[in-house]
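Just so we're on the same page, our numbering is the position in the sequence shown counted from 1, plus 26.
Note sheet for the following structure.
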Amino acid sequence: MEADETILSKRDSRSYSGKAISDETLQGILQAGRMSGSSKNTQPWGFIVIRDDAQKAAIAGCGNFAQHVPSAPLSIVVVLTPGGSGFDAGRAAQNMMLAAWNEGITSCPVALHKPECAHEVLGLPEDHTAAMLLAFGYPESEESRHRGIARNSMTDLVHQERW
Ligand SMILES: Cc1cc2nc3c(=O)[nH]c(=O)nc-3n(C[C@H](O)[C@H](O)[C@H](O)COP(=O)(O)O)c2cc1C
């Protein structure tokens, strides 16, 4: 895909086919996260790859809206090290989701609403934070790719010089 097509057609999907994601494709996704920019290039993150069914079910229990996570063949949790910000995590997360979508793999960011649960399930050091879980899989169907919710119009969104 062209870059603009990848960016503009990326939607957050919760239905996945059973098709496995190859190790080579996974490496490409992780590489896209690794190369993300961060504040002062601190790279305040680590990425936990989850493919085990029991671990997928356990981490899904740490979110309030994570029912689809066990059906995704792959999840990656973006973990922030001390001093990292949500903006840093978001850049790495979107890079990985766009790299995946460029390979035809859809995804959905999933909030982990119960931090103690995520700490326990992921074995995180005390001062690390599970910023976001990303669920990945090939789309089940074109119709299931997203809920069809529109974005705000450019007119509503964009301001010139001042709000
Ligand atoms: C910070 C954040 C947290 C989110 N948490 C969840 C979640 O817990 N569960 C879920 O199914 N989707 C979650 N989403 C996905 C949003 O629902 C999605 O981005 C939005 O509905 C737009 O989806 P679309 O691209 O398919 O239109 C989250 C998105 C963001 C940015």
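Ideal Cβ positions, reconstructed from N, Cα and C, are used throughout, including at glycine.
By the neighbour-count definition (other C-beta atoms within 10 Å, threshold 16), Ile33 is an exposed residue.
The Cβ atoms of Leu124 and Ile47 lie no closer than 8 Å to each other. When the beta-carbon positions are compared, Ile55 and Met158 stay at least 8 Å from each other. By the beta-carbon neighbour count (other beta carbons within 10 angstroms, threshold 16), Val147 is buried. If the five residues before and after Trp127 are omitted, its C-beta is found closer than 6 Å to the C-beta atoms of Thr32 and Lys36, all from its own chain and listed in chain order. In the three-state DSSP reduction, Cys143 falls in the helix class (H, G or I). Around the beta carbon of Thr181, fewer than 16 other beta carbons sit within 10 angstroms, so the residue counts as exposed. In the three-state DSSP reduction, Ser133 falls in the strand class (E or B). Between the region 162–171 and the region 76–89 there are fewer than three inter-stretch CB-CB distances shorter than 8 Å, so the stretches are not counted as touching. If you check the CB distance, Ala58 and Val103 do not come in under 8 Å. Residue side-chain check: Ile175 places its Cβ nearer than 7 Å to a non-hydrogen atom of ligand 1. Within 10 angstroms of the beta-carbon of Asp30 lie fewer than 16 other beta-carbons, which makes it exposed.
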